[in-house]
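To keep things clear, I will list the structure first and then write my remarks on it.
2 protein chains.
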Amino acid sequence: MESYLQKRHQLIREDRGRRVDAIHGKKLSDAEQRADRIVRDIRAAEAISVWGPESQAASGAENALLHVFPGMEFLTARETILGTQLFKILSKMPKGALLHAHLDATVNARVLLRLALGQPALHVRTHEHLTANSINDTLPQFQALPEAQFSALTSLTDDAYIPDSWVPLQKARENFHESLGGPEGFDNWVVGALMINPSQAYGTHNTTYKIWKKFASTFIVSNPLIRFAPVWTQYVREFFMSSIEDGISYSEARIMFWSECMFGADGQENIPHREWFVMYNRVLNEVKDEMKRQGREDEFVGSKIIYTTMRNITCEELEWCLEDCLSLKQEFPHLLAGFDLVGHEDSLRPLIDYIVPLKKFVERQKELGIDIPFIFHAGETLGDGTAADMNLYDAILLDTKRIGHGFSLVKHPRLMEICREKKIAVEVCPISNEILRLTSSMPTHPLPVLMNQGVTVALCSDDPAVFGNMGLSFDFFQVLVASEVTGLTTLGEMARDSLRYSCLDTQERELALSLFEKRWATFIDWVVREESKGNAAN
Amino acid sequence: MESYLQKRHQLIREDRGRRVDAIHGKKLSDAEQRADRIVRDIRAAEAISVWGPESQAASGAENALLHVFPGMEFLTARETILGTQLFKILSKMPKGALLHAHLDATVNARVLLRLALGQPALHVRTHEHLTANSINDTLPQFQALPEAQFSALTSLTDDAYIPDSWVPLQKARENFHESLGGPEGFDNWVVGALMINPSQAYGTHNTTYKIWKKFASTFIVSNPLIRFAPVWTQYVREFFMSSIEDGISYSEARIMFWSECMFGADGQENIPHREWFVMYNRVLNEVKDEMKRQGREDEFVGSKIIYTTMRNITCEELEWCLEDCLSLKQEFPHLLAGFDLVGHEDSLRPLIDYIVPLKKFVERQKELGIDIPFIFHAGETLGDGTAADMNLYDAILLDTKRIGHGFSLVKHPRLMEICREKKIAVEVCPISNEILRLTSSMPTHPLPVLMNQGVTVALCSDDPAVFGNMGLSFDFFQVLVASEVTGLTTLGEMARDSLRYSCLDTQERELALSLFEKRWATFIDWVVREESKGNAAN
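Protein chains in written order, with the UniProt record's numbering: chain A, 1 to 538; chain B, 1 to 538.
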């Protein structure tokens, strides 16, 4: 038996030898080993007390909660997660970098609404009369108007309202009809249009295609609010601040440059892309200054922009975008981190359609002596051998620096090998994948396959404003509870990798990593100290 | 672009180089290429006409069918599948071997009930009064009684019925109360207790733990019907005949030897294991003779038994079973194919608990000069690093010949490598995995990962009487529609592998494979001919 156990131990070690915790596994400190053990014990206890069939959550009134288990559907589990000790610990953990998030979906929907309500230029309208029957199927349309066109209407919901006429946002809210819930009903209506709810994800829209329709509609609703410069700058600031609060020290935000201008304070669509960069940079410096004033400069290393456009445009349109991207890179070399194409891979155009302009883009960079890595979305699909799945081949042949999602990458042994050889990291978005119905819950997510194959993974939130997974704590939580192999030290290594595989330059990266180590040590000490107080994480 | 496409083609070829269709990919005949193309075209057409959002199925009245897609939940899709051209083709395809099926769940539940109704010794009772309210939660209990104990009761449902008293099965059916549907209501009640229905799998029992409770209960209900020798022999015959009708030429049935005896015609529990083998062998020879009489001997190569017991017994009990298995192997060397432990891996004992007796079993075989390969269930779980997942390490360290399920094998790079090196095939049961909630539907099943890693796969039905996936056509169908890479020729190679990795001896295997090739060629010609008639598969 002794020799059997030895052989078994050796086999397990070989099998897990490519995992991030084995590769980087420097000798763990005593404190790290203790913290890891503490977290495993809490996870095991909560697997029964919180997620077991006899738990409080299971006996709750809501039907959807009848099936509780660790890593269950996020939208149903969210409130329960918030009450766990494990989540309290993870929310204090330094997360490293957020490498995959679409800027337009990074700020809490209620905060966005609050920001919008501060702007007299913003108006709202509906295409139909709002009634108790129609409200769930009727989306609010927003727009910033020039002062000359400000509307004198005061209600969106009185009988006299003529569909498609603009009402000032604040008035529409103030006078939202009592029968629809008054101002609070207004907020819920708007937030409902900006987010995916459980009955959509797990009921009415329970396929990747259907949930993508709802998902896309949230961007259509939020776009005119966010792409209004006075809101946008505050929105970016909120994104930075809330990320910092969750322990994210650096981010690379994907920004959609599909429209050529955003709306300015004057209600005209006249703010070109370069101004977006100027504004982003200004907010970045303001936040850095503020963190410094608070003595917290170690918590924020910075943020860069990944230029993105939609994967439904023509090659000619793409060429324009790529030239635009080149000139922005020349003007803002430290701010522009990479290029990507976004949108629903299963229904839009595959990368193979764009090879010629994309190759030309690489040539142009050489001519100009600049470097804009591709950071492509690829394989965000359940397809096996479909165009969306095949995007992985093209992303890799085009030398993508990282892969966005790569959900179907686990099907491709040679591509995983190349990812290891060429150090291509995968931006895995667990909660996004689950809500967008690529996986029914975390235990069925292919993440462990990737990790055990030695493919570098950075956990990401993707569109937290739509999903409700603000920060990275929720995604780290869902990953941690769905595996017995992964522990706190594994999450720490993944956080380090998010910095290592970022677009920070060498010097920035070294700094970011050394700051991370300081915070990590403090965090580990805190976990151990809280537990030894017999009072972990309370 | 030319050179890009060349590089891309090469990369795809490398990536898919370990697939069964690449490895065995002898040059395909013209007919095979045509048949493969025909099937791909039908699949593409039906992906829209049958499984598209605008299809008939989608517009059907039943809510559950609102989400239709290729590879969707089997229990909801079953009727729709039966109407497809693709299914008609696959039902004619020669399947090779069925390597993973639990004998007690291999015969259509209605057929089992019919067989049972022919036996006056069989009785039924309930623990509660059956009413319209209680019927769905009350299971029938069956038992064969000795003639002296035959019951004179005539109804299970009249007011005078005293719970727990036996009623002759035929009488209970005949006089089943009108308000419960009469005899037809009786049949539906019994069949409902023997099968899993969609509202259980996808509603009330929608987790692996919950559905296993229902699943296990079906065996408790069917056991006394099947383990009655006069039924058992007919049951085995039905298993062989229905398998043959679906194109299965050989099977290895897992038989549960947990109880020491089954009931004989005299209503006594007095038929020992060796008699089971004698009966199995007799039926086998009868069916062979009958096939010969029909000039169809090429369609049936034979069947063997995998000795199984429950993975909840003590080591002492296991030792008894293993000795039992050894003596059966000595008496029936050609009939006993292997040894396995079965039951819910997530809740029962892991293999590591049984290492000592299992190792001793191997030693005993050497002493006796016999060979009984382990063919272990392992990794039938969503766990990552749980005891059930870790069963894979032990199965492999114990030199398992094949792996039953291996659902979590995709997480283990070293173990997949060993499977390739040591030629360990995995018995993948797609529909079983889906109904037992390891995967929400076929597109999320990890099968493509295994296939692309070059792990040999045999598709299996597991417990078709409970799931309704009789034969192998349904499992082949679900796999085929969920991938654009897999084609008809891939399925053919998988069918060949099922014979190659069976426990047939060399000579038997060669024969089975050569008979398969003959039937395969006929099948391919039929596909091509039907299509050229403009009338494929009608």
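Every residue gets a Cβ at the ideal spot worked out from N, C-alpha and C, and that includes glycine.
Remember, predicted model here, so these are calculated numbers, not experimental data.
Exercise. Is DSSP giving residue 273 (chain A) helix, strand or coil here?
Worked result: Mapped onto the first sequence, residue 273 (chain A) falls at position 273. Residue 273 (chain A): helix per DSSP, three-state reduction.
Exercise. How big is the Cα-Cα spacing for residue 472 (chain B) and residue 523 (chain B)?
Worked result: Locating residue 472 (chain B) in the second sequence gives position 472, counting from the first residue. Locating residue 523 (chain B) in the second sequence gives position 523, counting from the first residue. About 16 Å.
Exercise. Mind pulling the chain B residues with CB within less than 7 Å of residue 310 (chain A)?
Worked result: Position 310 of the first sequence, counting from 1, holds the residue named residue 310 (chain A). Going along chain B, no residue has its Cβ under 7 Å from residue 310 (chain A), so there is no contact; the nearest lies around 22 Å.
Exercise. Which one of A:480, A:531, A:517, A:526 has the shortest CA to CA distance from residue 43 (chain A)?
Worked result: The residue you call residue 43 (chain A) lines up with position 43 of the first sequence. Minimum Cα distance to residue 43 (chain A) is reached at A:480.
Problem set entry | Other residues of its chain near residue 246 (chain A): CB distance less than 8 Å, five sequence neighbours each side excluded | To locate residue 246 (chain A), count along the first sequence from 1; it is residue 246. So the qualifying residues of the chain are 91, 95, 470, 471, 472, 473.
Exercise. On the three-state DSSP scale, how would you describe residue 11 (chain B)?
Worked result: Against the second sequence, residue 11 (chain B) aligns to sequence position 11. DSSP, read as helix, strand or coil, puts residue 11 (chain B) in helix.
Exercise. Residues of chain B with CB under 9 Å from residue 11 (chain A), in chain order?
Worked result: Within the first sequence, numbered from 1, the residue matching residue 11 (chain A) stands at position 11. By Cβ distance, chain B contributes 393, 396, 397, 414, 415, 418.
For this session: From the DSSP output, in three-state form, read off residue 523 (chain A) for me.
Result: Locating residue 523 (chain A) in the first sequence gives position 523, where the first residue counts as 1. Residue 523 (chain A) falls in the helix class under three-state DSSP.
Exercise. If you measure beta-carbon to beta-carbon, which residues of the segment 480–513 of chain A are closer than 8 Å to chain B?
Worked result: For chain B, the residues of the segment 480–513 of chain A that bring a beta carbon within less than 8 Å of one of its beta carbons are 482, 483, 484, 485, 486, in chain order.
For this session: List the residues of chain A that residue 198 (chain B) touches, going by C-beta distances under 9 Å, in chain order.
Result: As a first step, residue 198 (chain B) must be located in the second sequence, where it is residue number 198. Going along chain A, no residue has its Cβ under 9 Å from residue 198 (chain B), so there is no contact; the nearest lies around 14 Å.
Exercise. Looking at the structure shown, is residue 464 (chain B) part of a helix, part of a strand, or coil, going by DSSP?
Worked result: Position 464 of the second sequence holds residue 464 (chain B). The answer is helix: DSSP assigns residue 464 (chain B) an H, G or I state.
Problem set entry | residue 411 (chain B) at chain A interface by Cβ criterion, 7 Å | Taking the first residue of the second sequence as position 1, residue 411 (chain B) is located at position 411. So, interface residue.
Exercise. If you draw a straight line from the C-alpha of residue 89 (chain B) to the C-alpha of residue 35 (chain B), how long is it?
Worked result: Start at 1 with the first residue of the second sequence, and residue 89 (chain B) comes out as number 89. Start at 1 with the first residue of the second sequence, and residue 35 (chain B) comes out as number 35. Distance between residue 89 (chain B) and residue 35 (chain B), taken at the CA atoms: about 10 Å.
Exercise. What residue range is occupied by the uninterrupted alpha helix (DSSP H) comprising residue 419 (chain B)?
Worked result: The residue given as residue 419 (chain B) occupies position 419 in the second sequence. Unbroken alpha helix (DSSP H) run through residue 419 (chain B): 413–421.
For this session: Check each candidate in B:125, B:239, B:272 and name the one with the smallest Cα separation from residue 111 (chain B).
Result: In the second sequence, the residue the question calls residue 111 (chain B) occupies position 111. Ranking B:125, B:239, B:272 by Cα distance to residue 111 (chain B) puts B:239 first.
Exercise. Skipping 5 residues on each side, what residues in its chain have a beta carbon closer than 7 Å to that of residue 18 (chain B)?
Worked result: For this step, residue 18 (chain B) is matched to residue 18 along the second sequence. Result list for residue 18 (chain B): 452, 453, 454, in chain order.
Exercise. Nearest to residue 468 (chain B) by CA position, among B:37, B:10, B:109, is which residue?
Worked result: Looking up residue 468 (chain B) in the second sequence gives position 468. The shortest C-alpha separation from residue 468 (chain B) is found at B:109.
For this session: Could you confirm whether any beta carbon from chain B is found closer than 7 Å to the beta carbon of residue 126 (chain A)?
Result: The residue you call residue 126 (chain A) lines up with position 126 of the first sequence. At a cut-off of 7 Å between C-beta atoms, residue 126 (chain A) does not count as an interface residue with respect to chain B.
Exercise. Which bits of chain B does residue 4 (chain A) rub up against, with CB to CB less than 8 Å?
Worked result: Counting from one through the first sequence, the residue named residue 4 (chain A) turns up at place 4. Within 8 Å Cβ-Cβ: 355, 359, 397.
For this session: Report yes if the C-beta distance between residue 229 (chain A) and residue 265 (chain A) is below 7 Å; otherwise report no.
Result: Translated into positions along the first sequence, residue 229 (chain A) becomes position 229. Translated into positions along the first sequence, residue 265 (chain A) becomes position 265. Cβ atoms of residue 229 (chain A) and residue 265 (chain A): closer than 7 Å.
For this session: Using a Cβ cut-off of 7 Å, pull out every chain B residue sitting near residue 382 (chain A), in sequence order please.
Result: Reading the first sequence from its first residue, position 382 is the one you call residue 382 (chain A). In chain order, 443, 444 make up the part of chain B whose C-beta sits under 7 Å from the C-beta of residue 382 (chain A).
For this session: Would you be able to state if there are at least three C-beta pairs under 8 Å between the segment 18–33 of chain B and the segment 361–371 of chain A?
Result: When C-beta atoms of the segment 361–371 of chain A are compared with those of the segment 18–33 of chain B, fewer than three pairs fall below 8 Å, so the two segments do not count as touching.
Problem set entry | Where residue 242 (chain A) falls: helix, strand or coil (DSSP) | For the purposes of this step, residue 242 (chain A) is taken as residue 242 along the first sequence, with counting starting at 1. The three-state reading of DSSP puts residue 242 (chain A) in helix, counting H, G and I together.
Exercise. What is the rounded straight-line gap between the Cα of residue 534 (chain A) and the Cα of residue 48 (chain A)?
Worked result: Here the question's residue 534 (chain A) lines up with position 534 in the first sequence. Here the question's residue 48 (chain A) lines up with position 48 in the first sequence. C-alpha of residue 534 (chain A) to C-alpha of residue 48 (chain A): approximately 20 Å in a straight line.
Exercise. Residue 430 (chain A) and residue 411 (chain B) look like a contact to me (Cβ under 8 Å); what is the Cβ gap, rounded to whole Å?
Worked result: Reading the first sequence from its first residue, position 430 is the one you call residue 430 (chain A). Reading the second sequence from its first residue, position 411 is the one you call residue 411 (chain B). That pair is no contact at about 15 Å.
Exercise. Should residue 311 (chain B) go down as buried or exposed, given a rule of 16 or more other Cβ atoms within 10 Å for buried?
Worked result: Sequence index remark: in the second sequence, residue 311 (chain B) carries index 311 (1-based). So residue 311 (chain B) counts as buried.
Problem set entry | Own chain partners of residue 32 (chain A) with C-beta closer than 7 Å, once the 5 adjacent residues on each side are dropped | Walking along the first sequence from the start, residue 32 (chain A) turns up at place 32. Sequence-distant partners of residue 32 (chain A) (beyond 5 residues in either direction) whose C-beta falls short of 7 Å from its own C-beta, in its chain, are 489, 524.
Exercise. Which class does residue 227 (chain A) belong to by DSSP, given the choice of helix, strand or coil?
Worked result: The count along the first sequence starts at 1 and reaches residue 227 (chain A) at position 227. Reduced to three states, the DSSP call for residue 227 (chain A) is coil.
Problem set entry | Spatial distance of residue 483 (chain A) from residue 69 (chain A) (CA atoms) | Reading the first sequence from its first residue, position 483 is the one you call residue 483 (chain A). Reading the first sequence from its first residue, position 69 is the one you call residue 69 (chain A). Each residue's alpha carbon lies about 12 Å from the other.
Problem set entry | Option nearest residue 93 (chain A) by Cα separation, candidates A:270, A:436, A:243 | The residue given as residue 93 (chain A) occupies position 93 in the first sequence. Taking the Cα of residue 93 (chain A) as reference, the smallest distance to any Cα among A:270, A:436, A:243 is reached at A:243.
Exercise. Which residue or residues does DSSP assign as beta-bridge partners of residue 374 (chain B)?
Worked result: Here the question's residue 374 (chain B) lines up with position 374 in the second sequence. Beta-bridge pairing links residue 374 (chain B) to B:339.
Problem set entry | Host beta strand (DSSP E) of residue 256 (chain A) (start-end) | Sequence index remark: in the first sequence, residue 256 (chain A) carries index 256 (1-based). Here the beta strand (DSSP E) through residue 256 (chain A) covers 248–256.
Problem set entry | Boundaries (first-last residue) of the beta strand (DSSP E) holding residue 143 (chain B) | Here residue 143 (chain B) is taken as the residue at index 143 of the second sequence, counted from 1. Annotation: the continuous beta strand (DSSP E) that includes residue 143 (chain B) extends over 141–144.
For this session: Could you give the DSSP three-state label for residue 401 (chain B): helix, strand or coil?
Result: By 1-based counting over the second sequence, the position of residue 401 (chain B) is 401. Residue state, collapsed to three classes: coil.
For this session: Using a Cβ-Cβ cut-off of 7 Å, state whether residue 456 (chain A) counts as contacting chain B.
Result: Position 456 of the first sequence holds residue 456 (chain A). Answer no: the Cβ-Cβ gap between residue 456 (chain A) and chain B never drops below 7 Å.
Exercise. What's the gap between the Cα of residue 463 (chain A) and the Cα of residue 104 (chain A)?
Worked result: In the first sequence, counting from the first residue as 1, residue 463 (chain A) sits at position 463. In the first sequence, counting from the first residue as 1, residue 104 (chain A) sits at position 104. If you take the alpha carbons of residue 463 (chain A) and residue 104 (chain A), they lie about 8 Å apart.
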